[in-house]
Every structure is written in structure tokens, then in C-alpha cells.
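I have placed the structure first, in the form of C-alpha cells, so that the comments after it can refer back to it.
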Amino acid sequence: MPIDLTEFERGVPFSGNVAEALEALERRLARLQLSQIVHRKRAIILFEGWMGAGKRSVLKKLVGSLDPTQVRVVKVAGSDDMDDDRHWLAPFWSRLPAAGNTTIFYRSWYRLVLEQRMLGNMDDKRWARALDEINEFEAQQRDHGTMIAKLFFHVTPEKQAASLRARQEDPWLRHLRDFQPIVGPANRDRADEVLQDFFAHTNTRWAPWTPIDANDETAGCITALTAIADQMERAMPAEPPAMGETIVPFRSPKASEQTSA
10 MPIDLTEFER GVPFSGNVAE ALEALERRLA RLQLSQIVHR KRAIILFEGW
60 MGAGKRSVLK KLVGSLDPTQ VRVVKVAGSD DMDDDRHWLA PFWSRLPAAG
110 NTTIFYRSWY RLVLEQRMLG NMDDKRWARA LDEINEFEAQ QRDHGTMIAK
160 LFFHVTPEKQ AASLRARQED PWLRHLRDFQ PIVGPANRDR ADEVLQDFFA
210 HTNTRWAPWT PIDANDETAG CITALTAIAD QMERAMPAEP PAMGETIVPF
260 RSPKASEQTS A
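Adding 9 to a residue's 1-based position in the sequence shown gives its number in our numbering.
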């Protein structure tokens, strides 16, 4: 199913109390993760989008809301770091979450094929095959009971340029700029063309994309966290498991003394 990113460029500021909204989202995410851990469910969350779209700040808020012992963040590098000795998806198989855990991919398997397509290193046949392999890979995870949340952070060229200028002016943040040809400002027209075809083939019913209007950073953060919470709510059981052999009843010292007496 195609996605028109121009529909996510309003940049409307959040109208409510930001602190209260974020606090409520943090509590909600923590509660949903507790259900995930107890019921031994798996979750995969992907962060994709333009450079300068605020992905890193949302990631910090998300991870800060969760039990870190059950979360793994994987930062995906460019295609130059790919392992040519194995299938290109092999590194991602080894990083899939165990029961009760969440793996957050900061950039993902999509970044590798998009980058190669942008650089002209992937013809139509290889492109179609790579997208088919991704769809099959995600379908296998869904069939295994794994939740998959895919977020694409979108900003206008003007907003991206302003964000990158601000980053360049900071003597520390400027070092976070790396060469990302598919999401940088230099190739927006070509990237838009590739992304249209990309969304048309990877926005599947079992693993749909959620575009995030990140033109207002605060509103985008709240929208992204809400989208993740909504998907977790649909995927995680609402009630705790029944009492069973794995549950050890707690007895107070006073009750124990009465029993022994």
C-alpha cells in the first residue's frame, strides 16, 4: 500500500500539557511492557526516517520508559559494513528478541537496501527480490507471535535543513552527522522517488508503516510514543496469567509462624 509523505507535513504543535502527556505515556508504556514480559511476548520496533527528524530524542524517551534489562537497541550502520560472507539479513536474525524482550532497531534492514538503491548499486530485479525477502522475514516474525512496529519520521526539506544547521553549529552535535545518502538533504528528490516505490511494496497488512509528522519535535515525539503504545496495547494481553506452578504464593512471617505453631 502506498504512503504519501506530504500528508505528514503539518507540524502542528501539541495542544495539551506536554509534561503530563509524556508522563502518562511513560506509565502506559511501562505497564504494557510488564504485560509483555510476564506473557513472554516479543517485540521489534524500527526507527527509520530522514536525518535530522528527531529519531534519537524519541528513542531516548522510549528507552527511558521501559525496563532496560528487557530492551536491546541495535544501531544499524551503512551498507559498507555489511558481512558479504552471509546472507544480508543474517545479522538481523541474530539480534531478534527473546521471549519477553524488545529489540529496537535504530535504522534497520531497510536502510541497507534503500542506500544501495539510492547509490545505483541495486537494479530493479535485485530491488524487488530484497523487498520480497524483507516482507517474508517480517511475516515469519509476525507468525512467530512477534509484534513489529515500523516508524518513519518525516520532515520537510526546510525543517531538515534547519535541524542540520543547528546541529552543525553545536561543536559536539556536529560530530553526529554521518554520510547517509538516502536521508540527507542533498538527494531529496531521488529519495522521494525511491521511497514511494519502497512504501508501496513494504507497507504490508502484517507489518504496516506508521509515518510520523516530526516537523514539530515535541508533537512528533508524543505521536511516535503513542503509536508504539497503541500497537503494544493491541499485541499484549490485557490480563495477567492465571496462577500456576510458576507462581510462588507469598506468605507473611506472621502467617508462617501460625502455621508452624
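Where a beta carbon is used, it is the ideal one built from N, C-alpha and C, also for glycine.
Asked: Starting from residue 82, trace the beta strand (DSSP E) both ways and give me its first and last residue.; Found: 80-84
Asked: Count the other CB atoms within 10 Å of the CB of residue 104; is the residue buried (16 or more) or exposed (fewer)?; Found: exposed
Asked: Which class does residue 260 belong to by DSSP, given the choice of helix, strand or coil?; Found: coil
Asked: Can you give the beta carbon distance from residue 99 to residue 75, rounded, assuming they're within the 8 Å contact cut?; Found: So it is not a contact: roughly 27 Å between Cβ atoms.
Asked: Just to confirm, is the Cβ distance from residue 148 to residue 122 under 8 Å?; Found: no
Asked: Mind checking residue 163: buried by the 16 CB within 10 Å criterion, or exposed?; Found: buried
Asked: Give me whichever residues DSSP pairs with residue 209 in a beta bridge.; Found: None, per the DSSP bridge assignment.
Asked: By the three-class DSSP mapping on this structure, what secondary structure does residue 50 have?; Found: coil
Asked: So, using beta-carbon positions, are residue 239 and residue 232 closer together than 8 Å?; Found: no
Asked: Determine the contact status of residue 114 and residue 80, defining contact as a CB-CB distance below 8 Å.; Found: no
Asked: Based on Cα-Cα distance, which residue from 36, 157, 46 and 29 lies nearest to residue 216?; Found: 157
Asked: Tell me, to the nearest whole angstrom, how far the beta carbon of residue 226 is from that of residue 66; I am working on the premise that it is less than 8 Å.; Found: 7 Å
Asked: Determine, using beta-carbon pairs with one atom in the stretch 165-172 and one in the stretch 52-61, whether at least three such pairs fall under 8 Å.; Found: yes
Asked: Given a cut-off of 8 Å on the beta-carbon distance, is the pair residue 218 and residue 224 in contact?; Found: no
Asked: Start and end of the beta strand (DSSP E) containing residue 219?; Found: 218-222
Asked: Can you name, in chain order, every residue of its own chain whose Cβ lies under 7 Å from the Cβ of residue 146, other than the five neighbours on each side?; Found: 98
Asked: Identify the residues that DSSP records as bridge partners of residue 115: which are they?; Found: 56 and 84
Asked: Could you give the residue range of the beta strand (DSSP E) that holds residue 156?; Found: 155-163
Asked: Comparing C-alpha positions only, which one of 199, 57, 220 and 200 sits nearest to residue 17?; Found: 220
Asked: With burial defined as no fewer than 16 other Cβ atoms inside 10 Å of the residue's Cβ, what is the status of residue 166: buried or exposed?; Found: exposed
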